[in-house]
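Using full-length UniProt numbering, the letters of the sequence shown correspond one by one to residues 1 to 280.
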Amino acid sequence: MDIRVLGPLRISCADMEVVPTARKPRQLLALLLLNYSRVVPMGMLIDELWDGHAPKTALAAVQTYVFHLRKKLAEVTGESMDTVGNEILRTARNGYEVVAELGCFDLRVFHRLERAGMAVMAEGDLHTAAQNFREALSLWRGPALADVAAGPGIRAEVAGLEQSRATMLDHRIELELRLGLHREILSELAVLVSHDRFHEDRRAQFIIALYRSGYRVRALEAFHQLRKDMITEFGVEPSPKLHQYYQAVLTSDPALDRMPVLPLPRSSELPVLPAVAGSF
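Take a look at the structure:
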């Protein structure tokens, strides 16, 4: 099976689509996939589907949705309903669990690359870390589960995923700047700062990339544009840190050739990321 949640929800097997079209079964499947290898309690599923206004028939409805999901999975995989219930979509501890061994699953691959990239980055292997992060980010096809109506459970999981994506992008750009790839990422940075005008660290990365690529005037303009926008919108100046980069560009400070924007975490500072079992 080919399973995609980092963008519109897609599940296919042998050119057959698995994703239900009805709103609630679609939500149910999405929440289970976001929590792969973890049991999702029945109460959480009911809250997701009815958001605190569950009818008396909610439990039976969830059980019916799961039955039809298993039936569809059995059809497309050629497995029996018992096999699907034991090895793909299990009943466990008053809830349900999607197991991790699910063919090509983009979220699972993303988590594996995230863990690997963080580990080698902390060890000082910047090139491999940047490669892992770039590959992980390439899995995204838009906002996670963009075509699924979201209740409280999906909203929380997607918010966490989007933050992981943003942090990984921050780290990847920082790594590529440290690797001397400033020219290669200039176009991407130009797009990113236009989409998120007030992201000061991203603007600092853009300023440094411009300066190192020989565009000193454009680097100064990038600072002045942010300053103008911040004063107009909020009546505040950019941070002292950003002013420091501006002054360094203004004086052509040689330190800009090695000056970092973001600190890279050490091994002791690494966050606990979801465990990933099996191969891909």
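Idealized CB from N, CA, C, for every residue including glycine.
Report back the beta-carbon spacing between residue 4 and residue 106 to the nearest angstrom; my notes put them in contact at under 8 angstroms. 5 angstroms
Select from 228, 262, 265, 224 the residue whose C-alpha is nearest the C-alpha of residue 247. 224
Whole angstroms is fine: what's the gap from residue 12's alpha carbon to residue 114's? 25 angstroms
Using the beta-carbon count (16 or more within 10 Å), is residue 255 buried or exposed? exposed
Using beta-carbon positions only, say whether residue 30 and residue 9 come within less than 7 angstroms of one another. yes
Note down the Cα distance separating residue 263 from residue 201, rounded to an integer number of angstroms. 11 angstroms
Roughly how many angstroms lie between the CA atoms of residue 218 and residue 207, to the nearest whole one? 8 angstroms
Is residue 121 buried or exposed, if buried means 16 or more other CB atoms sit within 10 Å of its CB? buried
Do residue 84 and residue 16 have their C-beta atoms closer together than 7 angstroms? no
For the region 138-148 against the region 157-165, do three or more pairs of beta-carbon atoms, one drawn from each stretch, fall closer than 8 angstroms, so that the two count as touching? yes
Just reading off the beta strand (DSSP E) that residue 10 is part of, what are its end residues? 10-13
Which runs of the beta strand (DSSP E) fall wholly inside the region 8-96 and span at least 3 residues, in chain order? 10-13, 89-91
For residue 258 and residue 252, the rounded distance between their alpha carbons: 13 angstroms
If you draw a straight line from the alpha carbon of residue 71 to that of residue 19, how long is it in whole angstroms? 12 angstroms
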